[in-house]
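Single-structure report; data block below.
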Amino acid sequence: KQEVTQIPAALSVPEGENLVLNCSFTDSAIYNLQWFRQDPGKGLTSLLLIQSSQREQTSGRLNASLDKSSGRSTLYIAASQPGDSATYLCAVLQGGSEKLVFGKGTKLTVNP
Amino acid sequence: DTGVSQDPRHKITKRGQNVTFRCDPISEHNRLYWYRQTLGQGPEFLTYFQNEAQLEKSRLLSDRFSAERPKGSFSTLEIQRTEQGDSAMYLCASSLGMGTPYSNQPQHFGDGTRLSIL
Chain A
59 KQEVTQIPAA LSVPEGENLV LNCSFTDSAI YNLQWFRQDP GKGLTSLLLI
109 QSSQREQTSG RLNASLDKSS GRSTLYIAAS QPGDSATYLC AVLQGGSEKL
159 VFGKGTKLTV NP
Chain B
3 DTGVSQDPRH KITKRGQNVT FRCDPISEHN RLYWYRQTLG QGPEFLTYFQ
53 NEAQLEKSRL LSDRFSAERP KGSFSTLEIQ RTEQGDSAMY LCASSLGMGT
103 PYSNQPQHFG DGTRLSIL
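What follows is the structure in structure tokens.
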């Protein structure tokens, strides 16, 4: 059974700092990996999707990497801003299924 | 692109009542998903439709739960005889299947329906 773990559970940083969020998964037979952002009481906003054959994806100040063989992904946020404060969730699409398996998320607070 | 729309946003009901939620996916998306999220947890998969066909169901989807997607457009999720443990956020997502067996397109989520059981 696929399990997705995100470390740390919570992170507080000053504005302007670069930071890394970590995601690990137990079964490397994934089809893709997606990073999402969730604001309180809201749904999920898709940030980046990395195919299993890719190593990284970039969007603006965000960069996500994938090491499928070791079961790890990182989300790098450059020059963090208070508006980046949210919970960040990582999810894998298991091979042979259409379901996303999610981690519990990392709650990020960026202090002005 | 108006996004995934869910209705209602909040639902409060007494234990034992039936509830129904609606999801309108992004208009050109042929794939639709339901997830459930409880406080402090990531979403858990419930079921998946491709067009009007329900192709995958989680064991979480007990016989009190039923989902439909008539005509392959909007979807409804019904919970019968609600229990305290059904209190959660119910999230709908959609994506565009490009002919491959498994979608390489991101799943786009709505803002969810928060269900509270009294």
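Those protein sequence lines, which keep their order, are chains A and B.
With the first sequence counted from 1, adding 58 to any position gets you this note's numbering.
With the second sequence counted from 1, adding 2 to any position gets you this note's numbering.
Don't be surprised by glycine CBs; every beta carbon is placed ideally from N, CA and C.
- Here Gln-86(B) carries a helix assignment [DSSP, helix/strand/coil].
- Under the 8 angstroms criterion on CB atoms, Gly-141(A) is classed as non-interfacial with respect to chain B.
- Boundaries of the beta strand (DSSP E) harbouring Val-21(B): 21-26, taken from the DSSP string.
- Beyond the five residues adjoining it in sequence on each side, Thr-40(B) comes within less than 7 angstroms, by CB distance, of Ala-90 in the same chain, given in chain order.
- In this structure Ile-28(B) does not touch Leu-120(B) by the C-beta definition: roughly 34 angstroms separates them, more than the 8 angstroms allowed.
- Counting along the chain, Arg-130(A) sits inside the beta strand (DSSP E) bounded by residues 130-135.
- Cβ contact annotation for Ser-97(B) (same chain, cutoff 7 angstroms, sequence separation greater than five): His-31, Arg-33, Ser-105, Gln-107, Pro-108, Gln-109, His-110, in chain order.
- In this structure, DSSP gives Pro-72(A) an extended state, which the three-state scheme calls strand.
- Between the segment 83-90 of chain A and the segment 60-75 of chain A there are three or more inter-stretch CB-CB distances shorter than 8 angstroms, so the stretches are counted as touching.
- When Cβ-Cβ separations below 8 angstroms define contact, Glu-80(B) makes no contact with chain A.
- For Leu-151(A), the closest alpha carbon among the candidates Lys-165(A), Val-71(A), Ala-68(A), Gly-129(A) is that of Gly-129(A).
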